[in-house]
Structures are given as C-alpha cells and as structure tokens.
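**Student:** One structure follows; several queries about it will come next.
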Amino acid sequence: MIDKIANQKAWFFILPVTLLVAFNAIIPLMTVVNYSVQETFGDNVFFWEGVTWYEQVLTSDRFHASFLRQLSFTGMILLIEIPLGIAVALSMPRKGPWVSVCLVLMALPLLIPWNVVGSMWNIFALPDSGLLGRMINGIGIDYNFTQQPVSAWLTTVVMDVWHWTSLVVLLAYAGLCSIPNAYYQAAKIDGASNWAVFRYIQLPKLKRVLTIAILLRFMDSFMIYTEPFVLTGGGPGNTTTFLSIDLVKIALGQFDLGPAAAMSLIYFLIILLICWIFYTLMMRHENQ
Amino acid sequence: MAKITLDNVKHSYLDKPAGDIEWALKHVDLTWQDGGAYALLGPSGCGKTTMLNLISGLLTPSQGRILFDENDVTALPADERRLAQVFQFPVVYDTMTVFDNLAFPLKNRGASSEQIRERVVEIAHMLELETELDKRASRLTADGKQKISLGRGLVRSDVNVIMFDEPLTVIDPHLKWQLRSKLKELHQQVGVTMIYVTHDQTEALTFADQVAVMLEGEVLQTGTPTELFEKPMHTFVGHFIGSPGMNVLPCKVDNGVPVFADYPVALSNAPGTTNNVVRTEIGVRPEFVSFADEGIPVEIVNVDDVGRYKIVEVQHAQHSIKMILHEGQSPPSDGAKIIFDPAKTYIYTDEHLAA
Amino acid sequence: MKISSYFKWVPSTLYIIFLMLPIYWLINMSFKTTNEILGTFSLWPQQFTLDNYKTIFTDPTWYNGYINSLTYVVTNTVISVAVALPAAYAFSRYRFLGDKHMFFWLLTNRMAPPAVFALPFFQFYSAIGLFDTHIAVALAHCLFNIPLAVWILEGFMSGVPKELDETAFLDGYSFWRFFIRIFVPTIAAGIGVAMFFCFMYSWVELLLAKTLTSVDAKPIAATMTRTASTSGYELGLLAAAGTLTIIPGAFVIYFVRNYIARGFALGRV
Amino acid sequence: MTLELKNITKKLGGEVHIYETSLTLSTGGFNVLLGNTLAGKTTLMRMMAGLEKPSSGEVWFKDKNVTGLSVQKRSAAMVYQQFINYPNFTVFENIASPLKVSGIAKAEIKNKVEQIADLLKLTSMLNRSPDELSGGQQQRTALARALVKQAELVLLDEPLANLDYKLREELREELPKLFKDSGAIVVYATTEPTEALLLAGNTITLHQGKVTQVGGAADIYHSPENLISAQVFSDPPINTSQVTKNGTQFVLHESVRWPVPEKYSYLDDGRYTLAVRPHHLTLVRGDVEENKQVPITGTVQVAEINGSESVVHTSVHNESWVSQSRGIHDLEVGETTTMYLKTDKCFLYDLDNRLIEAR
C-alpha cells in the first residue's frame with residue numbers, strides 16, 4: 000500500500016466533497032431528528048414529545064411486521080444473488096470478443112430506471128397478457144401475483160434477482176480477472192480438483208470484492224421502494240409492504256411526521272449498524 | 000524421473016510465421032539426462048520462457064516432438080506430465096497453513112494421512128521450514144513462500160522434472176545467495192531433474208551442471224560452466240558469460256596467420272578456410288590477457304579496483320581491451336605491452352568458433 | 000474447444016436469456032395497440048404500430064421528461080466526478096486528521112435510504128427556492144453518488160505509483176498542471192467507471208427525483224408513474240416510454256464496456 | 000557546489016527511520032549510498048530531494064538552507080528503481096517535459112531532446128509510448144529526462160536493480176560517463192558492493208538508518224571501521240567467528256592456532272571477533288607463504304562452481320564458512336576439505352565491533 004505522507008493541507012481537497020454531501024445530509028437529517036422528538040399540527044407550532052415517537056414505533060406491531068418482511072426479503076435475495084452471481088461469473092469466458100458482449104448485456108438491467116423495472120415486470124407477469132403469467136398458468140399452476148400473497152412475494156424476489164444479480168457478476172468477474180494465471184497453472188500441476196481450485200484460489204481472492212458486493216446489495220435491498228411499489232403497490236394486503244414503502248405511507252400518506260421521522264432514524268441506524276458490524280468483521284478477518 | 004528430449008522443436012506464437020524474427024523458438028535439438036541440474040540462460044526475449052512452457056505443457060510446439068524418456072508427451076496436458084514449477088513470484092495457497100500447502104499435492108492424489116505427515120515433515124526439515132509448519136502460508140516472507148512452492152514439487156515421488164522460472168526475482172538481494180545455495184544443496188540431496196530459467200549468469204552457472212545459452216530463439220551452446228567459460232563456441236556466449244565478458248577484436252588472416260592490428264597472434268584453434276567468410280574476429284577473456292615485456296603496445300585507459308581483482312581497460316589503435324589483475328598486482332606505469340594466452344585465445348568466423 | 004468448455008458457457012447463456020426475456024416482452028408490447036394487448040396474447044405484434052412512439056416524440060409532456068432526466072443526470076455525473084477527483088487524491092496520497100472517519104462518514108451517506116430523505120428534501124429544497132429545477136435533483140443525487148465516486152476513484156489512484164507525482168513535481172510541474180495534464184489522463188479508465196456508476200444510480204432513481212420536481216424538471220420516470228395510475232390502461236405507451244429509457248444506458252455501457260471489468264479489478268470497489 | 004545534511008533525523012510514528020546524520024556531498028564522481036533493503040537509502044534521498052521533510056535538522060544546498068523549499072524550486076531529478084515515466088506521453092514528450100515546463104523554445108527543446116536521445120540510444124523510439132518499450136529502454140528514458148534538464152542534484156535510487164544482468168553491466172559502465180561532465184551532485188543508491196566499488200565514488204555505508212562509515216569505496220572495502228561496514232561491504236557475505244588471543248597465539252575453535260602478527264602484538268589477551276572475506280579463504284594451498292596461512296578443516300555443505308571460481312560452503316564446528324577459490328573444485332556434499340585462511344588479510348574487531356588498528 001502507498002505509504003502516505005502526513006499533510007493537513009489535504010483538507011482543502013476534500014472540502015468541496017464535504018460541503019456538497021453535508022449540504023444534502025446535515026440539514027435534512029436535522030429536520031428528521033427535529034420532527035422525531037416533537038409533535039405538530041401544522042402552521043409551524045411544535046410541542047416537545049421526547050422519545051414517545053421512538054417508543055411508539057419500536058413497540059408497534061406494524062413496524063415489527065414490515066421490519067421482518069424487509070429482513071426476510073433482504074436475506075432471501077442475498078442468499079440467491081451472491082452464489083448465483085459467482086456461478087455466472089465463473090462460467091463467463093475470460094478472453095476473446097464474447098467477454099464485452101456478455102458484460103454489456105448483463106449490465107443492461109442495472110441501467111433501467113427502477114420504475115420501468117417495476118412496470119416491465121408488471122406487464123411481463125400479468126396472469127393473462129404477460130408472457131411469464133401465461134407460461135406459469137399454461138403449465139397448470141394457478142399464478143396471479145396481484146391477488147396471491149405468495150406469488151406476489153416470489154415475483155418481487157425474482158424481479159430483484161433479475162435486476163441486481165448482474166452487479167454481483169460484474170464484481171466477481173473483476174475479482175477473478177485479477178488472479179494471475181500462475182495460480183491456475185500451479186493448481187493444475189498439483190492435481191487440484193475444480194472444487195479445490197475454487198475453494199483455495201478463487202474464493203480467497205474474491206473475498207474482498209464479495210465483501211463490497213454483499214455490502215452494496217444489503218444496502219440497496221434494505222432500502223428498496225420503487226420496484227415493489229410499482230409492481231404490487233405493497234399488496235396484496237401488505238405482503239410486500241417493505242420498510243421504505245411503509246415509511247412513505249406513514250410520512251406522505253397519513254402525514255403524521257413525528258412517527259415517520261422516528262421510524263426513519265431507527266431505519267437508518269439499523270442499516271448503519273449492520274454495515275459497520277459486517278465491515279469490521281471482514282476487515283478483522285482480513286488481517287488476522 | 001525421466002530423460003527429457005526436445006527433438007527438432009520449433010515454435011511461433013503466430014499461426015503463419017513469415018520471417019526469422021517471428022519464430023519465438025528456432026530449430027532446437029536438446030537432450031537432458033535424468034537427475035541433472037540444467038539452466039536456460041539468455042537475455043529477455045530470447046525464448047527461454049517459451050521453451051519452459053513447452054516442456055511444462057502450457058504451450059504445444061508448432062513443430063517437433065517432446066519426449067519424457069521414450070514416450071511422446073508433445074500433446075499431453077500439463078497436469079498429466081508429472082512435473083512441478085516454481086514461478087517468478089511466490090504462488091502459495093494463502094488461506095492454508097504451510098503444512099496443508101505441502102500436503103496439498105499428496106492429498107489430491109489420495110495418499111494416506113500418515114504417509115502425508117511423514118513425507119511433509121521430511122521435506123519441511125530439508126527446507127528448514129519445520130518450525131513454520133502450522134503458520135498460515137501468507138505470513139511467510141517471499142523466500143519462505145518460494146520454499147513452499149518448491150516443497151510442493153519435492154513431496155511428490157512421481158515428479159519427472161522441477162522447473163524454476165527466474166525464482167529469485169522478488170527475493171531480497173541480501174537473501175538471494177542463501178536461497179540459491181539452498182536450491183543447489185537440495186538438488187544434490189534429492190537428485191530430481193531441475194531446469195532453471197534466468198537472465199543472471201551467476202544463478203545459472205552456480206546452480207546448473209549444464210547451461211544452455213540462448214539468443215533470439217536459438218540455443219547457441221550447451222555445456223558445463225567450465226566449457227562455457229574456457230571455450231565459448233560463439234562470440235555472444237563469450238560476451239554473455241563472465242563479468243566483464245570476452246574481448247572480441249577484429250582480425251585479418253594473412254596466408255594462414257591471424258593478425259590483430261598488424262601483430263601476429265598465436266591461437267589454440269586454426270583459422271581454417273577463410274573464403275566466403277564475412278567477419279573474422281579473435282576472442283580472449285580478460286582473465287587470459289596479461290602484461291609482458293614483449294607484446295602489443297597499449298595505453299592504459301582506466302583501472303577499476305573491485306577488491307578481489309582489478310579490471311584494467313587498455314587501448315590499441317582505438318580497440319579497447321579489458322584485462323583482469325588479481326589482488327596485489329598492478330599495471331606497469333608506462334610502455335605497457337600485453338600478450339594473449341595462446342591456449343585460451345580463439346578465432347571466430349562469422350561469430351562461430353572456427354572449425 | 001473441447002466439449003467440456005462449451006458446457007462451461009451454458010449457465011451464463013441461460014442467465015443472459017433470463018435477463019433478456021422481460022426486456023423483449025416490453026419492446027414487444029411497445030409495438031402493439033392497446034386493444035391488441037388487452038384482447039389477444041401474441042408473441043409477436045400482429046397489428047404492428049408506431050403510434051406509441053409517435054405520441055412520445057410529439058407530445059411535449061413526454062419528450063420533455065427525457066430531456067429533463069438527461070440534463071440532471073449528466074449534471075450530477077459531472078459534478079460528482081469533478082468534486083470526487085481531488086478528494087479521492089487526498090484520501091489516496093495523504094494521511095490527515097480524521098481521514099478514516101471522514102471516509103466512513105461518506106460511505107454512511109451511501110447507506111441513507113432515499114425514503115428517509117424524501118420529505119426533508121422536499122421541505123429543504125422548497126425553502127431555498129430550488130424546487131422543481133434540474134440542479135435540485137442533480138444536487139440531491141450527490142448524496143449517494145459522490146461517496147461512490149470517491150470510493151471508486153480512490154481505489155484507482157492507489158494503483159498509480161506515488162513516484163509518478165514526485166517525478167512530475169521534480170520536473171517543475173505545479174500541482175494542478177500535473178493533476179490535469181498527467182494524473183487525470185493516467186486514470187482515465189477509473190474516471191470512466193466512476194462516471195458509469197454515477198450515471199447509472201442517478202438515471203434509475205425515482206423517489207427523490209419525483210419528490211423534488213413538479214412540472215419544469217419532471218423526469219420521464221415521474222411522467223410514466225402518473226400516466227399508469229391516472230389515464231387507465233395505456234400499456235403500449237408505457238412500454239414504449241420504458242423501452243426508450245433503456246437506450247441511454249446501453250449507450251453508456253457501450254463506451255465503458257472494456258473498462259467495467261478492468262475497472263473493478265484495479266479499483267478497490 | 001555542495002549538498003549538506005546537518006544532523007537530520009526522520010521519525011515516523013515513534014519509529015526512527017534515520018538516526019541523527021550529518022553528511023556533505025559534492026560534485027565530481029558519484030556519491031554512493033550502500034546498504035541492504037530498508038537500510039534507509041531511499042528515505043535519505045527523498046529528504047535530499049525535498050520530497051520528505053526531516054523530523055529535525057536542516058538540508059543546505061549551495062550554502063542556502065533549502066529545508067522548507069518546495070520540490071519544484073529545487074533543480075533536482077530522481078530516477079527510481081521501477082522506471083517511472085508518464086504513461087500518457089510519448090518518449091519524446093517524456094524527455095521534453097521538464098524543458099517544456101520551464102518554458103524553453105520549442106526548437107531548442109527539440110534539438111536538446113534529440114541530442115540526449117542519441118546519447119542514450121533512444122533515437123528510433125522517440126514517438127513510441129513508454130509501455131511499448133523494454134525495461135532497459137524505459138529506464139534510459141527516465142535517465143534521459145533527468146539529464147536533459149541539467150539538474151544540479153541527480154538522485155539515482157537503485158536504477159539498475161530491475162534490469163537484466165548483462166544490461167546492468169552495460170549501464171553501470173555508461174552512467175559515470177553520462178554524468179561525468181554534467182557538473183551535478185550525483186547520489187547513487189545500491190545494495191551491491193561490487194557496484195559501489197566499480198563506481199569508485201565517495202561511499203556512505205548505511206545500516207538500519209545509521210551511517211556506519213563514509214569514505215572512498217576502496218578505503219572502506221580495505222579497512223571497514225566497524226563490523227557492520229564490513230558485512231555491508233561484502234558479497235558473498237563475510238565470515239565472522241570468535242577468536243581468542245593468548246600470548247603470542249590466536250586460537251580459533253580450540254584446534255586452529257596461528258602466530259599473532261607483529262601488528263597486533265600490542266593487544267592484550269582476550270576474545271575478539273575475526274572477520275575474513277570468502278576470497279581470503281581458499282582451497283588452493285600454494286599462493287601465499289607458509290606463515291601467512293593456516294589450514295581449517297570442515298565438511299562440505301554445498302559447492303557452487305561458476306566456470307572460473309568455486310564458492311564452497313563448509314560447516315566448521317557447526318558454523319557455516321564460505322570459501323571462494325579460483326579454478327574448479329568439484330567437492331561432494333559431506334566430504335571433508337581443508338581451507339587455507341590468509342591470516343594477514345583478516346580483520347579483527349573488539350567486543351563492541353570497532354576495528355582493531357594495526358600498529
């Protein structure tokens with residue numbers, strides 16, 4: 000690693016970044032904190048509420064339900080996307096013209112606006128006029144994601160897998176490309192099986208890139224809003240009402256800002272905490 | 000263990016090579032006996048690594064055959080050639096301990112755990128790694144890791160040849176000579192055929208019994224370090240081996256007598272026919288040029304004292320000649336004359352030793 | 000190519016087919032009339048029509064959406080990368096008070112859920128009179144794009160030896176002349192990848208973009224969600240609008256295609 | 000014109016990289032920093048160039064205190080071990096860049112660059128980009144850039160370490176000629192003692208951040224003031240062992256005895272450290288008179304023959320000794336052999352490793 004020189008003047012370099020990000024983060028965050036400890040009925044009159052909203056949110060079953068839904072959704076997609084992403088990356092060609100074709104096609108879903116992803120899957124999975132809907136019903140399974148909670152849940156998960164696995168593929172592929180050819184040669188000479196090659200050469204080298212993939216995927220999936228909202232509107236009932244959707248309903252729908260602000264902060268702190276734990280675990284394991 | 004033969008091997012990275020320069024390896028015929036220590040020595044881009052990859056099976060030659068003992072392995076893939084390789088930078092399985100690294104090839108071949116333990120401890124002792132066995136491989140220094148890489152070849156009893164691709168490149172200069180003598184010691188103890196690729200003559204000459212000097216895809220000469228030093232068959236070999244290299248001086252042949260700047264020179268090989276020969280040169284190593292009362296008058300240009308010996312550069316009719324004086328000797332103050340040791344001075348026609 | 004190596008490719012080909020199916024279905028829909036969509040089920044448009052695209056290219060409320068989106072996305076990408084370059088250089092080359100905490104604070108902003116900030120942004124940007132302008136959305140997206148750009152560029156810059164900077168300073172280059180004439184061209188690949196990601200995350204985002212705009216700077220994404228809910232079932236039009244949103248993305252990837260893989264490998268991302 | 004380091008030190012987070020050092024370097028011949036990796040050579044050079052500020056002490060150049068002066072204002076040039084060139088410039092632009100920055104006319108730049116390129120055999124590659132060139136050519140480009148700006152201080156940090164053996168030899172001969180009439184102060188860092196001897200400049204031996212000796216290369220080689228300078232200045236490494244003087248005899252490993260030479264007769268009895276270079280320990284009996292050599296027997300660990308010399312590692316009372324003799328001595332592992340130690344060529348050091356003077 001570069002041995003860096005101590006230079007306090009470096010602060011001038013990061014000033015623009017700090018200002019711009021702070022401009023967007025500090026003041027809005029303060030308004031959220033502000034709302035979360037007070038009560039208002041409009042026209043700028045505020046009453047001190049202290050931690051009541053926090054208690055209310057933390058004890059409300061609605062929050063528990065949507066939190067559990069969010070947790071299981073994120074858990075499911077991580078369990079599917081990370082291994083699938085690695086498998087696809089492993090099977091991609093390493094050299095030749097096909098590499099850039101694969102990369103472009105795979106990166107395409109990442110660049111489609113989230114609402115278009117939602118409506119695309121909506122059209123795609125409609126029971127009667129959607130290709131997927133017709134196929135599944137065609138083979139005899141009664142499938143209508145607009146009414147059946149299980150189908151809605153599965154469709155949302157498959158949609159997310161369709162939408163984001165390519166990011167894991169790209170990261171894993173980059174990790175694989177950085178492994179010098181000599182390692183594969185040595186493994187061949189040592190008579191290692193494919194599994195041994197994966198377990199002892201590829202996986203250790205992929206660890207750092209996978210940490211980043213898991214972190215990115217955890218963050219993005221834990222705050223998902225647009226795609227499920229466009230696809231199922233959080234329904235049927237509230238099977239797919241994840242934390243973000245629930246939060247927007249409370250904040251913009253019922254307009255009671257106090258609980259919404261408290262919930263926002265709790266939500267943000269949960270993500271921070273999980274990312275921080277995961278990051279320190281990985282780093283400690285790294286130089287252990 | 001196996002005798003290795005390269006029979007009329009030629010290789011090019013292009014599928015339709017036109018001129019000479021597009022052949023990475025021009026016509027090579029070589030045989031290495033079983034159990035010997037061999038070196039491929041030459042400047043960067045001379046084709047030594049290409050030859051190594053042909054033997055290891057990474058590349059298949061455009062032409063010719065490669066034989067291990069009597070069977071033709073030209074098309075055999077690398078993992079079935081029963082060989083081992085130590086690379087330029089240390090290749091170890093970082094997450095494994097040193098013991099598991101060394102046991103890995105045996106475990107893949109289904110050896111029993113006692114067999115593995117006994118063999119690994121034996122090799123670890125040889126490599127002076129017995130105290131590091133349960134450390135994680137990634138925590139060792141570069142030379143320790145190279146020993147592991149070598150150990151993975153040594154633990155296997157079925158290894159035909161162990162190949163080294165400039166293994167000392169990333170080793171700290173101060174430790175280089177220790178690892179080099181360790182490799183030599185190991186070869187003498189284990190006796191497996193070893194092929195060592197390098198551009199550094201010290202490594203090649205000290206490690207190998209037979210050294211092949213290569214230039215632009217051709218093997219110019221194969222011989223023991225002494226043969227290469229005493230009787231280079233090609234002016235490049237003379238230049239490349241020895242530090243400073245052989246003096247190569249233009250000379251004319253007057254009816255059979257070689258003359259350098261109108262001074263006749265006694266030689267150990269006859270000039271032979273000189274018709275249709277473009278260039279005739281004489282080659283003599285600095286170690287075999289000495290001052291004398293009678294001889295070619297020269298003017299002393301520069302004297303470098305390197306401790307063990309002095310390198311003296313002298314000049315005659317703008318040809319500069321290098322000489323070696325051993326510790327304690329010093330060049331005459333003026334009117335210096337030099338002579339060449341007849342037994343070690345040769346004439347070269349078109350860069351090849353005259354027949 | 001031995002058989003086994005063909006077999007090796009099957010998973011990635013199947014995966015690509017799986018990716019392309021919904022896109023094919025969207026494009027297929029965009030060429031159908033609404034009653035054909037509702038009426039029959041056809042793998043290929045029977046009554047092939049370009050009306051949907053015609054409406055989008057003629058009706059200002061539609062094509063303005065694209066222009067607005069493209070404006071704030073490009074502005075955001077330029078601001079994020081321009082501002083991230085010096086910061087990444089500082090993180091990569093210098094040790095200074097609080098550099099670790101600063102880096103982590105930046106990343107925490109990447110973890111902020113947009114839903115949390117939707118309402119506060121609305122109030123904040125209206126208060127400073129920037130509501131419904133391109134620059135508002137561009138600035139809002141900086142919240143998550145700048146940290147990512149700094150992260151990617153810092154990884155790239157650590158791949159360039161510090162001795163290169165020193166050689167330039169010794170040759171007499173002032174800092175900025177070195178930075179612009181030598182350093183930036185050297186990490187062009189990294190800048191390409193950082194731009195790709197900023198474009199991507201800004202182009203796809205809907206929540207903040209919708210909350211901060213109403214008419215003048217309304218992005219295409221917002222126009223699409225309004226049509227779906229208000230004027231009933233104009234699926235064909237929606238499909239056409241959706242298809243057109245894929246094109247800028249494809250365009251950007253084409254330019255950055257051989258950097259993407261190499262980009263990650265070099266950078267710490 | 001001199002470069003003076005006045006009791007400079009370098010500490011990084013509590014760890015001392017360079018202990019208090021004062022040095023004066025001048026023009027005419029190379030100033031050679033000789034030491035192993037991590038001995039502090041690069042840190043010292045970076046402080047000379049102004050790339051790093053010393054934790055304490057001052058750097059004076061041409062009798063002016065330049066400690067705080069920015070790098071751009073010092074007329075200095077540095078060539079690194081891993082051939083640093085601007086990847087996005089052609090070879091021509093690389094060499095021309097220092098001149099372009101100092102605003103010299105285009106025509107003059109062109110002819111200066113072509114002149115230097117010719118000197119370094121780069122003429123045919125001027126419009127290629129650096130990564131198309133071989134290692135040697137890349138390093139020549141970096142050298143050309145350092146030369147063309149006629150810097151008053153030129154720092155070469157192990158410039159030949161990554162090059163082919165034979166190329167190293169060639170450039171080692173070329174470098175002194177290139178910088179001979181440049182009138183600059185040239186500082187050359189290396190880990191190889193032979194290189195220091197060949198460059199035969201004012202040599203500074205360094206070990207773990209401390210300067211152990213300063214002087215002419217041959218002087219330090221022939222009389223290293225302390226054991227560390229002797230070890231740094233010896234390749235293959237110098238043999239060291241404990242020897243006791245009692246009366247008129249030196250005793251090594253109880254069995255090896257030889258008369259105390261006249262120059263050490265004044266010493267009082269006791270234990271000393273003996274240091275002898277491998278080529279003063281030879282398998283050839285004859286070439287020194289009888290009383291100037293003493294036989295030592297040991298078992299051969301490994302024999303390395305390189306065509307004109309044999310380096311034989313023998314273990315004597317499980318101490319490993321290295322002998323270097325002319326000619327071919329093909330010994331088997333485990334065979335016992337006799338080596339002849341040239342007694343008047345050894346060095347003697349007292350218990351805190353200072354050289355015992357001959358009187």
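Protein chains in written order, with numbering that gives the first Met the number 0: chain A, 0 to 287; chain B, 0 to 354; chain C, 0 to 268; chain D, 0 to 358. Virtual Cβ for every residue (Gly too), placed ideally from N, Cα, C. All figures in this text were calculated on a predicted structure; none of them were measured in a lab.
(1) Shorter than 8 Å from the beta carbon of L202 of chain A to some beta carbon of chain C?
(2) Are the CB atoms of T313 of chain D and V299 of chain D nearer to each other than 8 Å?
(3) Does chain C have any CB closer than 8 Å to the CB of S220 of chain A?
(4) Return the bridge partner residues of I83 of chain D from the DSSP annotation.
(5) Is the beta carbon of I76 of chain A less than 8 Å from the beta carbon of I213 of chain A?
(6) Tell me which residue opens and which closes the alpha helix (DSSP H) that H221 of chain D is part of.
(7) I want to see whether chain D comes within less than 8 Å of I352 of chain B, judged by CB atoms only; does it?
(8) Taking the beta strand (DSSP E) that H206 of chain D belongs to, which residues open and close that run?
(9) Within a Cβ cutoff of 6 Å, which residues of the same chain sit near W275 of chain A, ignoring the five residues on either side of it in sequence?
(10) Could you check the C-alpha separation between W320 of chain D and S254 of chain D for me, to the nearest Å?
(11) With a Cβ-Cβ cutoff of 8 Å, do R270 of chain D and Q241 of chain D count as a contact?
(12) To the nearest angstrom, how far is it from the Cα of Q248 of chain D to the Cα of V259 of chain D?
(13) Can you tell me whether K144 of chain B is buried or exposed? The criterion is at least 16 other CB atoms within 10 Å of its CB, across all chains shown.
(14) For M390 of chain D, go through chain C and note every residue whose CB falls closer than 9 Å to its CB, in chain order.
(15) Give the residues of chain B in contact with I188 of chain A, contact being defined as C-beta atoms less than 7 Å apart.
(16) So what does DSSP say about E253 of chain D, is it helix, strand or coil?
(17) Considering only C-alpha positions, which residue in the set A:P96, A:V98 and A:A9 is nearest to A89 of chain C?
(18) What does D267 of chain D pair with, by DSSP beta-bridge criteria?
(19) To the nearest angstrom, how far is the alpha carbon of T145 of chain A from that of F123 of chain A?
(20) When you compare the CB positions of M223 of chain C and I13 of chain A, do they come within less than 8 Å of one another, or not?
(21) My guess is that A250 of chain A and L118 of chain C are in contact by the Cβ rule of under 8 Å, so how many angstroms apart are they, rounded?
(22) Taking the CB atoms as reference points, tell me whether R68 of chain A and F241 of chain A lie closer together than 8 Å.
(23) Let me confirm a value: S35 of chain A is counted as buried when at least 16 other C-beta atoms fall within 10 Å, else exposed. Which label applies?
(24) Is the CB-CB distance between V315 of chain D and H328 of chain D below 8 Å?
(25) Taking 8 Å as the CB-CB cut-off, is I83 of chain D touching chain C?
(26) As a quick exercise: from B:P76, B:T192, B:A136 and B:L75, pick the residue whose alpha carbon is nearest that of A102 of chain B.
(27) Checking contacts by CB at 8 Å: is L50 of chain D closer than that to chain C?
(28) So for N297 of chain D, helix, strand or coil by DSSP?
(29) Go ahead and pull the three-state DSSP assignment for D304 of chain B.
(30) Would you tell me roughly how many angstroms separate the C-alpha atoms of T229 of chain C and S220 of chain A, rounded to the nearest one?
(31) What residues of chain B sit near P235 of chain D, judged by a beta carbon separation below 8 Å?
(32) With the cut-off set at 8 Å, would you say L29 of chain B and G56 of chain B are in Cβ contact?
(33) Is there a Cβ from chain D that is less than 8 Å from the Cβ of G143 of chain B?
(34) From the DSSP secondary-structure annotation, give me the bridge partner or partners of S322 of chain D.
(35) Going by other Cβ atoms of all chains shown within 10 Å of its Cβ, with 16 needed for buried, is Q114 of chain B buried or exposed?
(36) Could you tell me the distance, in whole angstroms, from the CA atom of L5 of chain B to the CA atom of M50 of chain B?
**Tutor:** Working from what's here:
(1) Here residue 202 of chain A refers to the residue found at position 203 of the first sequence. Cβ-Cβ to chain C under 8 Å: no for L202 of chain A.
(2) Sequence index remark: in the fourth sequence, residue 313 of chain D carries index 314 (1-based). Sequence index remark: in the fourth sequence, residue 299 of chain D carries index 300 (1-based). It is a contact, given that the beta carbons lie within the stated cut-off.
(3) Counted from its first residue, the first sequence places residue 220 of chain A at position 221. It does not: the Cβ of S220 of chain A has no partner Cβ on chain C nearer than 8 Å.
(4) Residue mapping note: residue 83 of chain D aligns to position 84 of the fourth sequence, counting from 1. Note: I83 of chain D sits in no beta bridge, so no partner.
(5) Here residue 76 of chain A corresponds to residue number 77 of the first sequence, with the count starting at 1. Here residue 213 of chain A corresponds to residue number 214 of the first sequence, with the count starting at 1. Their beta carbons are not under 8 Å apart, which means I76 of chain A does not touch I213 of chain A by this criterion.
(6) As a working mapping, residue 221 of chain D is identified with position 222 in the fourth sequence. Looking at the DSSP string, the run of the alpha helix (DSSP H) that includes H221 of chain D is A216 to H221.
(7) Counted from its first residue, the second sequence places residue 352 of chain B at position 353. Note that residue 352 of chain B is Leu in the sequence shown here, rather than Ile. Cβ-Cβ to chain D under 8 Å: no for L352 of chain B.
(8) Here the question's residue 206 of chain D lines up with position 207 in the fourth sequence. Its beta strand (DSSP E) spans residues N201 to H206.
(9) For the purposes of this step, residue 275 of chain A is identified with residue 276 of the first sequence, where counting begins at 1. So no residue of the chain qualifies.
(10) Sequence index remark: in the fourth sequence, residue 320 of chain D carries index 321 (1-based). Sequence index remark: in the fourth sequence, residue 254 of chain D carries index 255 (1-based). Spanning the two alpha carbons is a distance of roughly 16 Å.
(11) As a first step, residue 270 of chain D is located in the fourth sequence; it is residue number 271 there, counting from the start. As a first step, residue 241 of chain D is located in the fourth sequence; it is residue number 242 there, counting from the start. It is a contact, given that the beta carbons lie within the stated cut-off.
(12) As a working mapping, residue 248 of chain D is identified with position 249 in the fourth sequence. As a working mapping, residue 259 of chain D is identified with position 260 in the fourth sequence. Answer to the nearest angstrom: the Cα atoms are 5 Å apart.
(13) In the second sequence, residue 144 of chain B corresponds to position 145, counting from 1. Buried.
(14) Here chain D has residues from 0 to 358 only, and residue 390 of chain D is not among them.
(15) Sequence index remark: in the first sequence, residue 188 of chain A carries index 189 (1-based). Within chain B, the residues near I188 of chain A are A77, D78, L82, A83 and Q84.
(16) For the purposes of this step, residue 253 of chain D is taken as residue 254 along the fourth sequence, with counting starting at 1. E253 of chain D: coil per DSSP, three-state reduction.
(17) Translated into the one-based positions of the third sequence, residue 89 of chain C becomes position 90. The shortest Cα separation from A89 of chain C among A:P96, A:V98 and A:A9 belongs to A:A9.
(18) Sequence index remark: in the fourth sequence, residue 267 of chain D carries index 268 (1-based). None; D267 of chain D has no bridge partner.
(19) On the first sequence, position 146 is the one that residue 145 of chain A refers to. On the first sequence, position 124 is the one that residue 123 of chain A refers to. Each residue's alpha carbon lies about 13 Å from the other.
(20) On the third sequence, position 224 is the one that residue 223 of chain C refers to. On the first sequence, position 14 is the one that residue 13 of chain A refers to. It is not a contact, given that the beta carbons lie outside the stated cut-off.
(21) Position 251 of the first sequence, counted from the start, is the residue given in the question as residue 250 of chain A. Position 119 of the third sequence, counted from the start, is the residue given in the question as residue 118 of chain C. Right, the Cβ-Cβ distance comes to about 5 Å (below 8 Å), so this counts as a contact.
(22) On the first sequence, position 69 is the one that residue 68 of chain A refers to. On the first sequence, position 242 is the one that residue 241 of chain A refers to. Yes. Within cutoff.
(23) What you label residue 35 of chain A is simply residue 36 of the first sequence in a count that begins at 1. That one is buried.
(24) By 1-based counting over the fourth sequence, the position of residue 315 of chain D is 316. By 1-based counting over the fourth sequence, the position of residue 328 of chain D is 329. It is not a contact, given that the beta carbons lie outside the stated cut-off.
(25) Taking the fourth sequence and counting its residues from 1, one reaches residue 83 of chain D at position 84. Yes, I83 of chain D lies at the interface with chain C (some Cβ there is under 8 Å from its Cβ).
(26) By one-based count along the second sequence, residue 102 of chain B stands at place 103. Of the listed residues, the one whose Cα sits closest to A102 of chain B is B:A136.
(27) Taking the first residue of the fourth sequence as position 1, residue 50 of chain D is located at position 51. Output row for L50 of chain D: interface = yes.
(28) Start at 1 with the first residue of the fourth sequence, and residue 297 of chain D comes out as number 298. The question names Asn, but residue 297 of chain D is Gly in the sequence shown. Here G297 of chain D sits in strand by DSSP.
(29) For this step, residue 304 of chain B is matched to residue 305 along the second sequence. DSSP places D304 of chain B in strand when its eight states are reduced to three.
(30) Counting from one through the third sequence, the residue named residue 229 of chain C turns up at place 230. Counting from one through the first sequence, the residue named residue 220 of chain A turns up at place 221. Below a pLDDT of 50, predicted positions are generally treated as unreliable, and T229 of chain C, at 46, falls in that range; the measurement from the model is reported next regardless. Straight-line Cα distance between these residues: approximately 29 Å.
(31) Your numbering for residue 235 of chain D matches position 236 in the fourth sequence. Those within 8 Å of P235 of chain D in chain B are W176.
(32) Here residue 29 of chain B corresponds to residue number 30 of the second sequence, with the count starting at 1. Here residue 56 of chain B corresponds to residue number 57 of the second sequence, with the count starting at 1. No, the pair does not count as a contact, with Cβ atoms beyond the cut-off.
(33) As a first step, residue 143 of chain B is located in the second sequence; it is residue number 144 there, counting from the start. False, the Cβ-Cβ gap to chain D never drops below 8 Å.
(34) The sequence position of residue 322 of chain D within the fourth sequence is 323, counting from 1. Its beta-bridge partners are D:V311.
(35) Your numbering for residue 114 of chain B matches position 115 in the second sequence. Counting Cβ neighbours within 10 Å, Q114 of chain B comes out exposed, since fewer than 16 surround it.
(36) Numbered from its first residue, the second sequence carries residue 5 of chain B at position 6. Numbered from its first residue, the second sequence carries residue 50 of chain B at position 51. Rounded to the nearest angstrom, the two C-alpha atoms are 9 Å apart.
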